[in-house]
Amino acid sequence: MKFDLVLFDIDGTLLDFDLAEKNALADTLKEYNFICNNEILNRYHEINIFYWKQLEKGLIDKKQLAYKRYEQLFLEYGIKTDIDTFNFKYRNRLKEGAYLLDNAMEICKELHTNKIKLGVASNGGNDIQIRRIRKIGLDRYLDYIFVSEEIGYNKPHKKYFEHIFTKVGKMPKEKIMMVGDSLTADIQGGKNAGIMTCWYNPKGETGMKNIRPDYEIKDLLELRKLIGIA
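If you use the numbering used here, the sequence shown corresponds to residues 14 to 243, in order.
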């Protein structure tokens, strides 16, 4: 086998975060009898992505992320309510949003069957991510669960991956591969750590000149050939 350990990002790689986010926000807005349409849902998604990028760059922390995204959305749409309470209700709903992406369960099962160690490496909230992967049943195939909220650093920070190395023991870095949909978090993070990287790019998006993954796939089942189990 080419790799002894495969690390998967969760959101956008194994689970459909966009759908989970949309449903959680819509249900929370409806509970408050606030306006809920595609315009506000799409605008929240844009705002959320912007602040997650700020988090990746180390410009804000998780608490600021949670506050700022609602502060901006509420200001734009004239919504008046307590942000902390709204976020609490939203997060509780988000925990239940576990929707598998294409072939996610299949590839995890196959890798596990072939004795390849599996881990997830996420920038999400600890309680949310663990609840979602357990609800969908992915945890049965996982050897490791790494979440930034518990680690204290976010991808692509090098210390995020240094924490992983301390947990997995002595393993050659060239035998570890990070698989994810984010060039700036997953691929750059893997590069910073000196491990192999695979960009999951199902929509065929244009890459970035300054971030070059070792591999690129459109379907998670393409990992069979890369890893040597095809």
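Where a beta carbon is used, it is the ideal one built from N, C-alpha and C, also for glycine.
- At a cut-off of 4 residues, the continuous stretches assigned as alpha helix (DSSP H) that sit fully inside the stretch 158-203 are 161-164, 171-181.
- Of all alpha-carbon atoms in G165, A33, R153, the one lying nearest the alpha-carbon of I120 is that of R153.
- In this structure, DSSP gives I60 a helical state, which the three-state scheme calls helix.
- Distance from the Cα of L86 is smallest, within the candidate group I53, N46, I149, for I53.
- Here the alpha carbon of M190 sits roughly 12 Å from the alpha carbon of M184.
- Of the candidates A79, Y90, L68, the residue whose Cα lies closest to the Cα of F47 is Y90.
- Approximately 17 Å separates the beta-carbon atoms of V19 and V160; this is outside 8 Å, ruling out the contact.
- Note on geometry: alpha-carbon atoms of I143 and I158 lie some 8 Å from one another.
- Boundaries of the alpha helix (DSSP H) around I240: 236-240.
- Note: I224 is bridge-paired with M221 in the DSSP secondary-structure output.
- The stretch 22-42 and the stretch 56-74 touch, with three or more beta-carbon pairs separated by less than 8 Å.
- Look at A206 here: in three-state DSSP terms it is helix.
- The three-state reading of DSSP puts E34 in helix, counting H, G and I together.
- The shortest C-alpha to C-alpha distance from G137 to any of Y45, L72, A198, A243 is the one to A198.
- DSSP places F47 in the coil class of the three-state scheme, outside both helix and strand.
- Taking 7 Å as the cut-off, the Cβ atoms of L124 and L155 do not count as close.
- Taking a contact as a CB-CB distance under 8 Å, the pair V181 and I23 does not count as one, their CB atoms being some 18 Å apart.
- Per DSSP, A134 lies in no alpha helix (DSSP H) segment; the continuous beta strand (DSSP E) that holds it begins and ends at 130-135.
- The criterion of a C-beta distance shorter than 7 Å is satisfied by R106 and D40.
- In the structure shown, the three-state DSSP call for E229 is strand.
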